[in-house]
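Novice: Before I ask anything, here is the structure I am working with.
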Amino acid sequence: MMGITPESRILLGKELRQIRRSRRAVLTSTLLPLLLLVIMPMGQLASFRSMPAEALQRGGTQGLPPGIDPTNPVSFYTYFLFPLFLVIGGLMVPSQLATHTVVVERERRSLELLMALPVRVSDIVVGKLLAILAVAVGITLPLFAVDCVFMVVWEVVTPLYLALAFLVLLSSLACAIAMAFVISLIARDFRTANNISGLIVVPIIFVTLALMGLVPGDVKLVVLAAALLATGLAGLLAGLRWITFERYLS
Amino acid sequence: MSTTSPQAALELEHVSKRFRNGVLALDDVSWSIEVGARACLLGPNGAGKSTSIRLLEGALGPTRGRVALLGAAVGSPEYLAARRRTGIVPQGPGMYDDLTTREYLTLVQRLAGRGSVDEVLRAFSLDEYADTRLAQLSGGYQRRLVLAAALLPEPDLLLLDEPTVGLDPVASHHVHEYLRAEMQGRTTLLCTHNLAEAEALCDEVIILQNGKVLLHEPLATLKNRTHRQLRLAARQGAEALSRALTERGLEPTGGENGHVLVPIADVETEAPPLLRALLGAGLDVYECSPVEVSLESVFLDVVQMDE
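Here the protein sequences line up with chains P and L, keeping their order.
Residue numbers for the first sequence follow my numbering, so the first one is 542 and each next one is one higher.
Residue numbers for the second sequence follow my numbering, so the first one is 2 and each next one is one higher.
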């Protein structure tokens with residue numbers, strides 16, 4: 542059984558200390574989300590704001606996703622681009638961290654040191670997942686707050702939209718934690734971890750794109766969040782059902 | 002109802018372990034070690050030694066059977082408490098390059114809920130390396146650290162998986178000194194390929210081969226049971242000595258450097274009359290000594306007999 546135990550909390554402290562000391566982990570887990578969650582989306586928002594109202598109508602309005610106002614270029618950003626950035630950013634940070642905390646431990650064979658301590662394998666896995674979640678939340682939420690400030694100041698969204706966008710971000714983080722769990726059970730090395738990560742992330746991005754193009758208005762954010770949570774849950778159950786902890790240690 | 006003896010510190014009861022690739026590492030194995038015993042787990046490569054250790058530390062689950070540590074079955078609610086009373090020295094683990102000696106030992110202390118980091122640093126002469134990252138320690142000091150971590154919570158039970166593998170003779174000697182001191186009064190299971198190490202540190206032997214227990218006996222009994230020999234040398238040479246022994250119904254074999262080895266059931270009662278008889282026959286016997294049975298010879302006998 543997996544759960545948060547006193548042992549997993551103690552191991553969480555160890556994992557956080559190690560992530561803090563890994564230059565590569567710190568760089569990839571801060572620069573990538575900074576790019577995906579602030580620099581690129583806010584740059585896009587600035588350019589959409591400066592577009593003339595008829596910009597979306599120039600190529601005809603038939604190809605636009607449903608619910609997007611053809612007279613308001615910013616609506617294309619808020620109902621298509623920004624949720625996409627949120628999903629990619631939310632998925633990428635935990636998967637990068639999983640590679641660092643799980644695969645590095647396995648590659649340098651220090652798991653043997655951990656298994657010699659009075660802990661269960663589940664405590665080790667939960668400790669790592671909690672560390673990944675804590676760092677991912679600690680990085681993405683402030684960046685999302687920066688986005689919110691920009692969007693509120695530029696008056697391009699409603700409070701309801703921001704609440705739903707926040708839900709999408711949390712759902713993508715939850716999905717990514719489940720993904721990190723699967724990666725931790727399967728991946729033997731960096732290359733396998735990156736391949737598995739890609740195999741999982743790319744289909745999720747395609748599904749996100751499909752939902753963005755099919756579902757109108759604020760509802761698409763709710764559907765997207767639900768789809769991400771369902772995917773995460775499916776990954777978690779598959780991991781627990783078919784992949785044993787023995788595999789993690791082998 | 003549990004069949005665990007209250008005196009059993011370690012127990013494998015009808016345990017089989019088959020891996021996902023189909024390899025049967027342990028095949029209906031049963032053995033137990035009593036509280037206070039110092040046992041060694043021997044066997045050729047692939048015999049199932051490391052699998053047994055990993056089952057006991059809970060890293061693997063048995064395909065069939067029951068594994069118990071200090072009376073607590075692996076996976077039971079009581080198992081973690083039993084693990085806190087167990088010090089484990091893993092076989093050549095990788096080392097963290099982002100944790101210091103003190104940080105790692107503090108982690109051990111917090112998980113075990115007892116022990117003093119400063120005391121163990123002093124006891125294992127690790128104080129000057131307290132702030133050194135684990136991967137930067139030399140091989141000998143890494144082994145000291147692993148031993149220090151195992152002993153920090155003052156465990157009742159020690160599981161040692163090849164504690165000196167890969168160490169130079171000086172570092173091995175230091176580890177043996179620490180082990181000799183720390184194993185006093187503690188139940189110990191030593192898994193090793195080093196038979197001299199096993200003989201020096203343990204008094205009970207379990208030999209595994211092809212996932213089965215070939216033998217489980219006290220070392221002293223094993224040595225007594227094994228065919229004893231007397232080594233003889235005479236000024237007239239090995240040939241004359243062998244002839245005289247054969248005339249007395251014995252079956253001598255050639256030893257090294259002119260010595261002759263002769264099987265003998267009881268050295269104390271049979272050697273003196275034999276020596277008198279040889280001297281009486283005019284042979285100038287200048288050496289007559291019992292050959293100490295080594296664990297190595299016992300091990301090779303048992304394993305080769307099974308093959």
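Note that beta-carbon positions come from the ideal geometry of N, C-alpha and C, so glycine has one too.
#1: Taking just the CA atoms, how far does residue 184/L sit from residue 6/L?
#2: So is residue 592/P in contact with chain L if we call contact Cβ pairs under 8 Å?
#3: If you compare alpha carbons, which of 685/P, 755/P, 575/P, 668/P is closest to residue 547/P?
#4: In three-state DSSP terms, what is residue 664/P?
#5: Which of the three DSSP states is assigned to residue 609/P in this structure?
#6: Whose C-beta lies closer than 6 Å to the C-beta of residue 579/P among residues of the same chain, with five residues either side of it excluded?
#7: Could you tell me whether any Cβ in chain P is nearer than 8 Å to the Cβ of residue 112/L?
#8: Give a yes or no on whether the minimum CB-CB distance between residue 657/P and chain L is below 8 Å.
#9: Can you list, in chain order, the residues of its chain whose CB lies under 8 Å from that of residue 143/L, leaving out five sequence neighbours each side?
#10: Residue 243/L: buried (16+ other C-beta within 10 angstroms of its C-beta) or exposed?
#11: Please state whether the Cβ-Cβ distance between residue 589/P and residue 620/P is less than 8 Å.
#12: Within the same chain, show all residues whose beta-carbon is closer than 7 Å to that of residue 297/L, passing over the 5 residues directly before and after it, in chain order.
#13: How would you call residue 291/L, buried or exposed, if buried means at least 16 neighbouring beta carbons within 10 angstroms?
#14: What does residue 549/P touch in chain L if you count any residue whose Cβ is under 7 Å from its own?
#15: What residue range does the alpha helix (DSSP H) around residue 261/L cover?
#16: Relative to the alpha-carbon of residue 190/L, which residue among 91/L, 62/L, 80/L has its alpha-carbon at the smallest distance?
#17: Which residues in the same chain as residue 748/P place their Cβ atom closer than 7 Å to its Cβ, once the five residues preceding and following it in sequence are excluded?
#18: Please return the same chain residues whose Cβ sits closer than 7 Å to the Cβ of residue 764/P, not counting the five positions on each side in sequence.
#19: Between which two residues does the alpha helix (DSSP H) containing residue 158/L stretch?
#20: Should residue 653/P be labelled buried (16 or more other beta-carbon atoms within 10 Å of its own) or exposed?
#21: What are the start and end residues of the alpha helix (DSSP H) that includes residue 269/L?
#22: Could you have a look at residue 769/P and say whether DSSP puts it in helix, strand or coil?
#23: Quick one, which of 193/L, 288/L, 233/L, 264/L has its alpha-carbon nearest residue 52/L's?
#24: Which bits of chain P does residue 219/L rub up against, with CB to CB less than 7 Å?
#25: With respect to the alpha helix (DSSP H) encompassing residue 119/L, which residues constitute its N-terminal and C-terminal limits?
#26: I need the straight-line Cα distance from residue 760/P to residue 662/P, nearest angstrom please.
#27: Would you say residue 109/L reaches chain P, if we count a Cβ-Cβ gap shorter than 8 Å as a contact?
#28: Contact criterion: CB-CB distance below 8 Å. Does residue 669/P meet it with respect to chain L?
#29: Given a cut-off of 8 Å on the beta-carbon distance, is the pair residue 41/L and residue 289/L in contact?
#30: Run down chain P in chain order and give the residues with a C-beta less than 8 Å from the C-beta of residue 157/L.
#31: Looking only at its chain, what residues have a beta carbon closer than 6 Å to the beta carbon of residue 657/P, apart from the 5 residues adjacent to it on each side?
#32: Where do the ends of the alpha helix (DSSP H) carrying residue 585/P lie?
#33: Starting from the Cα of residue 238/L, find the closest Cα among 231/L, 133/L, 280/L, 286/L and give me that residue.
#34: Report back the beta-carbon spacing between residue 636/P and residue 570/P to the nearest angstrom; my notes put them in contact at under 8 Å.
#35: So, are the CB atoms of residue 115/L and residue 155/L less than 8 Å apart?
#36: Applying a beta-carbon distance threshold of less than 9 Å, which residues of chain P neighbour residue 58/L?
Specialist: Taking the definition as stated:
#1: Residue mapping note: residue 6/L aligns to position 5 of the second sequence, counting from 1. Residue mapping note: residue 184/L aligns to position 183 of the second sequence, counting from 1. Below a pLDDT of 50, predicted positions are generally treated as unreliable, and residue 6/L, at 49, falls in that range; the measurement from the model is reported next regardless. Residue 6/L and residue 184/L have their C-alpha atoms some 22 Å from each other.
#2: As a working note, residue 592/P is residue 51 in the first sequence. Residue 592/P does not count as touching chain L.
#3: Walking along the first sequence from the start, residue 547/P turns up at place 6. Measuring from the Cα of residue 547/P, the nearest candidate turns out to be 668/P.
#4: By one-based count along the first sequence, residue 664/P stands at place 123. In the three-state reduction of the DSSP assignment, residue 664/P falls in the helix class.
#5: Walking along the first sequence from the start, residue 609/P turns up at place 68. The answer is coil: DSSP assigns residue 609/P none of H, G, I, E or B.
#6: Locating residue 579/P in the first sequence gives position 38, where the first residue counts as 1. Correct list, in chain order: 684, 687.
#7: In the second sequence, residue 112/L corresponds to position 111, counting from 1. True, the Cβ-Cβ gap to chain P drops below 8 Å.
#8: What you label residue 657/P is simply residue 116 of the first sequence in a count that begins at 1. For residue 657/P, the nearest beta carbon of chain L is closer than 8 Å to its own beta carbon.
#9: The sequence position of residue 143/L within the second sequence is 142, counting from 1. Taken in chain order, the residues that qualify are 96, 135.
#10: For the purposes of this step, residue 243/L is identified with residue 242 of the second sequence, where counting begins at 1. Taking all protein chains shown into account, residue 243/L has 16 or more neighbouring C-beta atoms within 10 Å of its C-beta and is therefore buried.
#11: Start at 1 with the first residue of the first sequence, and residue 589/P comes out as number 48. Start at 1 with the first residue of the first sequence, and residue 620/P comes out as number 79. Their beta carbons are not under 8 Å apart, which means residue 589/P does not touch residue 620/P by this criterion.
#12: Locating residue 297/L in the second sequence gives position 296, where the first residue counts as 1. Taken in chain order, the residues that qualify are 196.
#13: Numbered from its first residue, the second sequence carries residue 291/L at position 290. Flag for residue 291/L reads exposed.
#14: Position 8 of the first sequence, counted from the first residue, corresponds to residue 549/P. Per Cβ cutoff of 7 Å: no residues; residue 549/P is ~11 Å from chain L at best.
#15: Here residue 261/L corresponds to residue number 260 of the second sequence, with the count starting at 1. The continuous stretches of alpha helix (DSSP H) do not include residue 261/L, which lies in the beta strand (DSSP E) extending over residues 261-264.
#16: Position 189 of the second sequence, counted from the start, is the residue given in the question as residue 190/L. Measuring from the Cα of residue 190/L, the nearest candidate turns out to be 91/L.
#17: Within the first sequence, the letter at position 207 stands for residue 748/P. For residue 748/P, where only same-chain residues beyond five positions count, the Cβ hits under 7 Å are 768.
#18: Taking the first residue of the first sequence as position 1, residue 764/P is located at position 223. Answer for residue 764/P: 752, 756, listed in chain order.
#19: In the second sequence, counting from the first residue as 1, residue 158/L sits at position 157. Here residue 158/L belongs to no alpha helix (DSSP H); instead the beta strand (DSSP E) covers 158-162.
#20: Translated into positions along the first sequence, residue 653/P becomes position 112. Under this definition residue 653/P is a buried residue.
#21: Walking along the second sequence from the start, residue 269/L turns up at place 268. Residues 268-281.
#22: Residue mapping note: residue 769/P aligns to position 228 of the first sequence, counting from 1. Reduced to three states, the DSSP call for residue 769/P is helix.
#23: Here the question's residue 52/L lines up with position 51 in the second sequence. The option with the nearest alpha carbon to residue 52/L is 193/L.
#24: Along the second sequence, one-based indexing puts residue 219/L at 218. Going along chain P, no residue has its Cβ under 7 Å from residue 219/L, so there is no contact; the nearest lies around 28 Å.
#25: Counting from 1 along the second sequence, the entry for residue 119/L is found at position 118. Run containing residue 119/L: 118-124, per the alpha helix (DSSP H) assignment.
#26: Here residue 760/P refers to the residue found at position 219 of the first sequence. Here residue 662/P refers to the residue found at position 121 of the first sequence. When only Cα atoms are considered, residue 760/P and residue 662/P end up about 40 Å apart.
#27: Here residue 109/L refers to the residue found at position 108 of the second sequence. Chain P, which has a Cβ nearer than 8 Å to the Cβ of residue 109/L, makes this yes.
#28: Against the first sequence, residue 669/P aligns to sequence position 128. Taking CB atoms only, residue 669/P has no neighbour in chain L less than 8 Å away.
#29: As a first step, residue 41/L is located in the second sequence; it is residue number 40 there, counting from the start. As a first step, residue 289/L is located in the second sequence; it is residue number 288 there, counting from the start. In this structure, residue 41/L sits away from residue 289/L, with a CB-CB distance that is not shorter than 8 Å.
#30: For the purposes of this step, residue 157/L is taken as residue 156 along the second sequence, with counting starting at 1. Per Cβ cutoff of 8 Å: no residues; residue 157/L is ~13 Å from chain P at best.
#31: Your numbering for residue 657/P matches position 116 in the first sequence. A distance below 6 Å between beta-carbons, with the five flanking residues on each side excluded, links residue 657/P to no residue of its chain.
#32: As a first step, residue 585/P must be located in the first sequence, where it is residue number 44. It spans 581-590 - the alpha helix (DSSP H) in which residue 585/P sits, taken as one unbroken run.
#33: If you number the second sequence from 1, residue 238/L lands on position 237. Among 231/L, 133/L, 280/L, 286/L, the Cα nearest to that of residue 238/L is on 286/L.
#34: Here residue 636/P is taken as the residue at index 95 of the first sequence, counted from 1. Here residue 570/P is taken as the residue at index 29 of the first sequence, counted from 1. Taking a contact as a CB-CB distance under 8 Å, the pair residue 636/P and residue 570/P does not count as one, their CB atoms being some 10 Å apart.
#35: Taking the first residue of the second sequence as 1, we reach residue 115/L at position 114. Taking the first residue of the second sequence as 1, we reach residue 155/L at position 154. In this structure, the beta-carbon distance from residue 115/L to residue 155/L falls below 8 Å.
#36: The residue you call residue 58/L lines up with position 57 of the second sequence. Within chain P, the residues near residue 58/L are 656, 657.
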